[in-house]
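Trainee: Numbering (the numbering used here), first residue to last: -7 to 462.
Just so you know, even glycine gets a beta-carbon here, dropped at the ideal spot from N, CA and C.
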Ligand code: IFM
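1) Please indicate yes or no: does the CB of residue 421 lie closer than 6 Å to some heavy atom of the ligand IFM?
2) So, helix, strand or coil for residue 19, using DSSP?
3) Please go through the same chain and pick out, in chain order, the residues whose beta-carbon is closer than 6 Å to the beta-carbon of residue 314, but skip the five residues on each side of it.
4) Kindly provide the ranges of any alpha helix (DSSP H) runs that are 4 or more residues long and lie completely inside the region 271 to 329, ordered along the chain.
5) In angstroms with no decimal places, state the Cα-to-Cα distance between residue 225 and residue 23.
6) When DSSP builds the beta bridges, which residues end up paired with residue 120?
7) Answer yes or no: the CB of residue 322 versus the heavy atoms of the ligand IFM, is any distance below 6 Å?
8) Looking only at C-alpha atoms, which of 403, -6, 0 and 10 sits nearest to residue 420?
9) With hydrogens ignored, establish whether the beta-carbon of residue 167 is closer than 6 Å to any heavy atom of the ligand IFM.
10) Return the CA-CA distance between residue 71 and residue 358, expressed in angstroms with no decimal places.
11) Identify whether residue 0 lies in helix, strand or coil by the three-state DSSP scheme.
12) Determine the closest residue to residue -2 out of 361, 341, 351 and 426, with distance taken between C-alpha atoms.
13) Cβ of residue 363 versus every heavy atom of the ligand IFM: is any distance shorter than 6 Å?
14) Measuring straight from C-alpha to C-alpha, what distance separates residue 123 and residue 232?
15) Would you call the region 35 to 48 in contact with the region 382 to 399, where contact means no fewer than 3 C-beta pairs closer than 8 Å?
16) Could you pull out every residue in the same chain whose Cβ sits closer than 8 Å to the Cβ of residue 330, ignoring the five residues on either side in sequence?
17) How far does the beta strand (DSSP E) with residue 412 in it reach, from first residue to last?
18) Are residue 200 and residue 211 closer than 7 Å when you measure CB to CB?
19) Starting from the Cα of residue 310, find the closest Cα among 266, 344, 362 and 236 and give me that residue.
20) The beta strand (DSSP E) that contains residue 442, what's its start and end?
21) Quick check on the DSSP output: the beta strand (DSSP E) that includes residue 73 runs from which residue to which?
22) Does DSSP put residue 387 in a helix, a strand or coil?
23) Report back the beta-carbon spacing between residue 69 and residue 7 to the nearest angstrom; my notes put them in contact at under 8 Å.
24) In whole angstroms, what separates the C-alpha of residue 197 from that of residue 257?
25) With DSSP collapsed to three states, give me the class of residue 41.
26) Answer with buried or exposed for residue 460, where buried requires no fewer than 16 other C-beta atoms within 10 angstroms of its C-beta.
27) If you count every other CB in all the chains shown that lies within 10 Å of the CB of residue 405, and 16 or more means buried, which is it?
28) Please list, in chain order, all residues of the same chain as residue 116 whose beta carbon is under 7 Å from its beta carbon, the five residues on each side excluded.
29) Among 259, 208 and -6, which one has its Cα closest to the Cα of residue 190?
30) Under the assumption that residue 447 contacts residue 380 (Cβ atoms under 8 Å), give the Cβ distance between them as a whole number of angstroms.
31) Can you name the residues that DSSP bridges to residue 10?
32) Whose C-alpha, out of 328, 222, 182 and 187, is nearest the C-alpha of residue 279?
33) Among residues of its own chain, excluding the 5 on either side of residue 414, which ones have a beta-carbon nearer than 6 Å to its beta-carbon?
34) Indicate the three-state DSSP secondary structure (helix, strand or coil) for residue 192 in the structure shown.
35) In three-state DSSP terms, what is residue 219?
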């Protein structure tokens, strides 16, 4: 496959950065911010975080945002997506926190001054702790509270922000917190995970509904758009698959990908997946009227976070040690190229395969690559005489190959409008904290979060300026 020939992206294709409030802002107790679930976990057990770096740190963007927006502009980025922290914008009684609101007004104004458009996401795994204690995403009350928070954000920033997103990676909390036991409070309960997934879907649809109503009333700008961002995993199985392997693909794709794609394009959830869940005794907390709520979930466009594919096969056992139903197990592809720091497969063609699937199955849907990036342990990285990290040998081919496959997908009709690189300035990553670095720009934790461009920074700036991938 001569992928090198796809070396140019369209002139109106945008480049930018993806980030989130909890991973960048720091200032975790300032400006009336409430405790969120990450703060709660950090307070309970700091040793759960790499090098004991808890949620307090962010990457100090809260005090350096003017410098950071300038840095994004210098990389040729015209937009950046961050998130509002629910726990900063709202107080414990569900009212607007004026200090939090003032912070975000300043943050967005500084971006405008630097010539960078802010895309705003409303939720990035950061449930306020007091709402978690009241049931978190397992509770309808919290779904309603989220809808109220979203409406408050639209009212407060509706004239400033054009691009809104309801959730980042809504599949991740059900999986990490409720099913796989990796994140506090470490549940291993498939059915609870699906309840959470269902409630997040309702919350998304209620927020879209609030957005549409705000738009009708002129509360948000006339040109404003709303979307959802998910980490989609193109699913693959072995060559010459059995029926069981194909079934594993259907459910992996159904729960992780089609669930959200159907929701945002048709306002429904995939029937085959719901039927299979019911047949395996997994009951969703469906109430009368929910269909009408979900029907509001159709979006204006979609964010596709792409890091790695899903390689699955028929499971050996149909239940796990906790009694949860199992629909698939990992298939270890012998040709896989791994990012050993993160444990994720590097498979740039996946972005193309999934792009073509969207073009085929959801032809009206416009989208952009809302996250892509490579996190590497750079603690002992080589540096040049000026101290710059020499990362071009791995970061450049990673980004270049993904961009080439995106260019090819566009040439075959994919409605992909842009590319946001995750963690363009190194940032805090959940329980991995600062273990893996994604940035084109280093953050030096030993020098008060000082920023320093890496070798790859000049390369991405040139690509963003010329649209020539090279
Ligand atoms: O850090 C995360 C981000 O919060 C969501 N997408 C994947 C990133 C890298 O792991």
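Mentor: Based on what the coordinates show:
1) One-based indexing of the chain shown puts residue 421 at position 429. Answer for residue 421: yes, Cβ within range of the ligand IFM.
2) Your numbering for residue 19 matches position 27 in the chain shown. Coil.
3) One-based indexing of the chain shown puts residue 314 at position 322. Same-chain partners within the cutoff: 180.
4) 282 to 286
5) One-based indexing of the chain shown puts residue 225 at position 233. One-based indexing of the chain shown puts residue 23 at position 31. Those two C-alpha atoms are separated by around 38 Å.
6) If you number the chain shown from 1, residue 120 lands on position 128. Beta-bridge pairing links residue 120 to 28.
7) Sequence index remark: in the chain shown, residue 322 carries index 330 (1-based). The nearest non-hydrogen atom of the ligand IFM is 6 Å or more from the C-beta of residue 322.
8) As a first step, residue 420 is located in the chain shown; it is residue number 428 there, counting from the start. Of the listed residues, the one whose Cα sits closest to residue 420 is 10.
9) Taking the chain shown and counting its residues from 1, one reaches residue 167 at position 175. The answer is no for residue 167.
10) In the chain shown, counting from the first residue as 1, residue 71 sits at position 79. In the chain shown, counting from the first residue as 1, residue 358 sits at position 366. Separation of residue 71 and residue 358 (C-alpha to C-alpha, rounded to the nearest whole angstrom) is 17 Å.
11) Along the chain shown, read from residue 1 onward, the residue named residue 0 stands at position 8. If DSSP states are grouped into helix, strand and coil, residue 0 belongs with the strands.
12) Residue numbering aside, residue -2 sits at position 6 when the chain shown is read from its first letter. Closest by alpha carbon: 341.
13) Counted from its first residue, the chain shown places residue 363 at position 371. Yes, the beta carbon of residue 363 sits closer than 6 Å to at least one heavy atom of the ligand IFM.
14) In the chain shown, counting from the first residue as 1, residue 123 sits at position 131. In the chain shown, counting from the first residue as 1, residue 232 sits at position 240. Approximately 48 Å, taken between the alpha carbons.
15) Per the Cβ contact rule, the region 35 to 48 is not in contact with the region 382 to 399 (fewer than 3 Cβ pairs under 8 Å).
16) Locating residue 330 in the chain shown gives position 338, where the first residue counts as 1. Closer than 8 Å at Cβ, skipping near neighbours: 336, 337 and 338.
17) Residue mapping note: residue 412 aligns to position 420 of the chain shown, counting from 1. From DSSP, the beta strand (DSSP E) with residue 412 extends over 408 to 414.
18) Taking the chain shown and counting its residues from 1, one reaches residue 200 at position 208. Taking the chain shown and counting its residues from 1, one reaches residue 211 at position 219. No. Outside cutoff.
19) In the chain shown, residue 310 corresponds to position 318, counting from 1. Looking at the Cα atoms, 236 is the closest of the given residues.
20) Taking the chain shown and counting its residues from 1, one reaches residue 442 at position 450. From DSSP, the beta strand (DSSP E) with residue 442 extends over 442 to 445.
21) For the purposes of this step, residue 73 is taken as the residue at position 81 of the chain shown. Element bounds for residue 73: 71 to 75.
22) Here residue 387 refers to the residue found at position 395 of the chain shown. Correct three-state label for residue 387: helix.
23) Here the question's residue 69 lines up with position 77 in the chain shown. Here the question's residue 7 lines up with position 15 in the chain shown. Right, the Cβ-Cβ distance comes to about 5 Å (below 8 Å), so this counts as a contact.
24) Taking the chain shown and counting its residues from 1, one reaches residue 197 at position 205. Taking the chain shown and counting its residues from 1, one reaches residue 257 at position 265. Cα to Cα, residue 197 sits roughly 12 Å from residue 257.
25) By one-based count along the chain shown, residue 41 stands at place 49. Residue 41: coil per DSSP, three-state reduction.
26) By one-based count along the chain shown, residue 460 stands at place 468. Exposed, by the Cβ-count rule.
27) Your numbering for residue 405 matches position 413 in the chain shown. By the neighbour-count rule (16 or more Cβ atoms within 10 Å), residue 405 is not buried but exposed.
28) The sequence position of residue 116 within the chain shown is 124, counting from 1. Closer than 7 Å at the Cβ level, and outside the excluded window around residue 116, lie 12, 13, 14, 75 and 160.
29) For the purposes of this step, residue 190 is identified with residue 198 of the chain shown, where counting begins at 1. Residue 259 is the option with its Cα nearest to residue 190.
30) Sequence index remark: in the chain shown, residue 447 carries index 455 (1-based). Sequence index remark: in the chain shown, residue 380 carries index 388 (1-based). About 6 Å separates the two Cβ atoms, so the contact holds.
31) Within the chain shown, the letter at position 18 stands for residue 10. Bridge partners of residue 10: 73 and 414.
32) The sequence position of residue 279 within the chain shown is 287, counting from 1. Ranking the options by Cα distance to residue 279, first place goes to 187.
33) Start at 1 with the first residue of the chain shown, and residue 414 comes out as number 422. Only 10, 363, 365 and 430 meet the Cβ criterion.
34) As a position in the chain shown, residue 192 is number 200, starting the count at 1. Note: residue 192 maps to helix in three-state DSSP.
35) What you label residue 219 is simply residue 227 of the chain shown in a count that begins at 1. Of the three classes helix, strand and coil, the one that applies to residue 219 here is strand, per DSSP.
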